[in-house]
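Using the numbering used here, the final residue of the sequence shown is 170, and nothing's skipped along the way.
All residues carry an ideal CB built from backbone N, CA and C; glycine is no exception.
All figures in this text were calculated on a predicted structure; none of them were measured in a lab.
Just below is one structure, and these are the notes that go with it.
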Amino acid sequence: MPEFLKILSVFMMATVKYFYAPLFAYFSGLGFWESMTAMVTGGVSGFLFFYYISHFIVISAKYMKPTARKIMPESWLQKYRSKKERRNLKKKQAKKFTRRNRMLIRMRKAGMWAVILTTPVLLSIPLGAFLLRKYYHPRRGVVIFTAFVIIFEGALLCYLVWNVPSVRP
2 MPEFLKILSV
12 FMMATVKYFY
22 APLFAYFSGL
32 GFWESMTAMV
42 TGGVSGFLFF
52 YYISHFIVIS
62 AKYMKPTARK
72 IMPESWLQKY
82 RSKKERRNLK
92 KKQAKKFTRR
102 NRMLIRMRKA
112 GMWAVILTTP
122 VLLSIPLGAF
132 LLRKYYHPRR
142 GVVIFTAFVI
152 IFEGALLCYL
162 VWNVPSVRP
């Protein structure tokens with residue numbers, strides 16, 4: 002495979018699945034600097050693309066809901082209303098603290114920084130961009146901080162794959 006196609010495939014892999022991009026680059030035979038450059042530019046450009054596209058998705062969902070209600074059959078709307086009433090009854094009952102609820106509370110306390118730090122590695126870049134755009138859009142520096150985290154974690158992942166023998170497959 003030509004070198005350009007290898008770099009392009011690492012770039013495209015990094016836009017969606019950032020964690021696996023250095024392994025993919027290592028096995029495709031790219032050098033450290035080529036793979037790190039392709040990975041970081043792919044991750045940052047993928048984040049920017051999905052961050053600004055998710056704005057249009059959120060807006061279109063906001064305006065599509067009334068239109069969807071007009072064209073839905075009445076039986077579907079009745080089922081929706083009954084499910085909504087049952088859900089409200091469950092909310093009125095005493096809430097139990099489960100493991101999942103505790104984890105969600107911890108994530109809410111950590112907030113924006115938890116989403117920013119876990120976006121490249123644990124979450125995928127499209128999911129992290131959507132969450133940041135939907136819940137933390139008005140805050141300043143979200144895009145800049147996330148770009149720095151993507152660059153830092155990309156350099157760290159490339160370093161681990163290329164220089165630490167126990168991590169390298």
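Cβ-based burial, residue i [other Cβ within 10 Å; buried from 16]
| i | result |
| --- | --- |
| glutamate 86 | exposed |
| proline 139 | exposed |
| valine 59 | exposed |
| leucine 31 | buried |
| proline 166 | exposed |
| methionine 73 | exposed |
| tyrosine 53 | exposed |
| glycine 112 | exposed |
| serine 61 | exposed |
| methionine 14 | buried |
| phenylalanine 5 | exposed |
Which listed residue (the options) has its alpha carbon closest to that of residue i
| i | options | result |
| --- | --- | --- |
| tyrosine 160 | Met40, Val17, Glu4 | Met40 |
| serine 23 | Leu118, Leu158, Trp77 | Residue identity differs from the one stated: residue 23 is proline in this sequence, not serine. Per the Cα distances, Leu158. |
| glycine 44 | Val11, His56, Lys110 | Val11 |
| arginine 141 | Val122, Arg103, Trp114 | Trp114 |
| leucine 123 | Arg109, Arg100, Tyr137, Glu154 | Glu154 |
First and last residue of the uninterrupted alpha helix (DSSP H) at residue i
| i | result |
| --- | --- |
| valine 143 | 143-164 |
| tyrosine 19 | Tyrosine 19 -> no alpha helix (DSSP H), and no H or E assigned at all. |
| glycine 129 | 126-136 |
Neighbourhood of residue i by C-beta distance below 6 angstroms, restricted to the same chain and skipping five residues each side
| i | result |
| --- | --- |
| tryptophan 163 | Phe33 |
| methionine 37 | Cys159 |
Min CB distance residue i to chain B below 8 angstroms
| i | result |
| --- | --- |
| lysine 80 | Absent here is chain B; the protein component of the structure consists of one chain. |
Own chain partners of residue i with C-beta closer than 8 angstroms, once the 5 adjacent residues on each side are dropped
| i | result |
| --- | --- |
| isoleucine 117 | Gly129, Leu133, Val143, Phe146, Thr147, Val150 |
| valine 17 | Gly47, Ser125, Ile126, Pro127 |
Exercise for review: Starting from the N-terminal side, write out each stretch of the alpha helix (DSSP H) that is 4 residues or longer and does not extend beyond the segment 22-107.
Suggested key: 22-28, 33-72, 75-93
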